[in-house]
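A.B. asks: My questions will all concern the structure given below.
Below is the structure:
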């Protein structure tokens, strides 16, 4: 047995476990919903940019630009037809391929994007108002199926 510079003490009895009990934070769900909305919006922007349908100087950087593309309200020189429908179909396909979120089609993918924007806005306002208080938090109304899809996109499930 080798010598070490300290002595190990043997406890005569097993130490009693001490647990730190923190108060329940009613604003924690707001923080989680806000994080889900942020990550989902970042991934939607990344999916739009990674489809290689946009040229390099038309890279999207915010959700307002995503909405413009999905509505077809953008300058797309040399392309005929409803380009918004084309981008909606591609985004719905990317959501299905990457996250296995069923029932997201070109017909409702714009509603999903609007839900992300609304959730981010509502939770940010609620955190601004109630975040420092931490004793009460308002309800955030969101459909459970939409929240499930957003949680899949944000990889929180």
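In the working numbering, the protein residues as written are 335 to 491. Just so you know, even glycine gets a beta-carbon here, dropped at the ideal spot from N, CA and C. This structure is a prediction, so every number in the text was calculated from the model and none was measured.
(1) Touching or not, the stretch 452-464 and the stretch 431-440, by the rule of three or more beta carbon pairs under 8 Å?
(2) If I follow the unbroken alpha helix (DSSP H) through residue 363, where does it start and stop?
(3) What did DSSP end up calling residue 439 once you bin it into helix, strand or coil?
(4) Work out the CA separation of residue 425 and residue 404 for me, nearest whole Å.
(5) Assign residue 431 to buried or exposed, taking buried as 16 or more other Cβ atoms, counted over all protein chains shown, within 10 Å of its Cβ.
(6) Using a 10 Å radius around the Cβ and a threshold of 16 neighbouring Cβ atoms, would you call residue 450 buried or exposed?
(7) Please report the straight-line C-alpha distance between residue 401 and residue 444, rounded to a whole angstrom.
(8) Grouping DSSP H, G and I as helix and E and B as strand, with all else coil, what is residue 396?
(9) By Cβ distance, which residues of its chain are closer than 6 Å to residue 480, with the 5 residues on each side in sequence left out?
(10) Using three-state DSSP, classify residue 488 as helix, strand or coil.
(11) Along the alpha helix (DSSP H) that carries residue 429, what are the first and last residues, could you check?
(12) Which whole-angstrom value describes the C-beta separation of residue 487 and residue 367, a residue pair presumed to lie in contact below a C-beta threshold of 8 Å?
(13) Distance check for residue 374 and residue 392, CA to CA, integer angstroms please.
(14) Looking at the structure shown, is residue 471 part of a helix, part of a strand, or coil, going by DSSP?
C.D. replies: Taking the coordinates as given:
(1) Judged by Cβ distances under 8 Å, the stretch 452-464 makes no contact with the stretch 431-440, as fewer than three pairs qualify.
(2) From DSSP, the alpha helix (DSSP H) with residue 363 extends over 362-384.
(3) In this structure, residue 439 counts as coil in the three-state DSSP scheme.
(4) For residue 404 and residue 425, the distance between alpha carbons rounds to 9 Å.
(5) When all chains shown are included, residue 431 counts as exposed.
(6) Buried: at least 16 other Cβ atoms inside 10 Å.
(7) Those two C-alpha atoms are separated by around 7 Å.
(8) Coil.
(9) Taking residue 480 as the centre and dropping the five residues before and after it, the same chain places the C-beta of 449 closer than 6 Å to its C-beta, in chain order.
(10) In the structure shown, residue 488 sits in coil (DSSP, three-state: anything other than H, G, I, E or B).
(11) From DSSP, the alpha helix (DSSP H) with residue 429 extends over 417-433.
(12) About 13 Å separates the Cβ atoms of residue 487 and residue 367, ruling out a contact at the 8 Å cut-off.
(13) Answer to the nearest angstrom: the Cα atoms are 21 Å apart.
(14) Residue 471 falls in the coil class under three-state DSSP.
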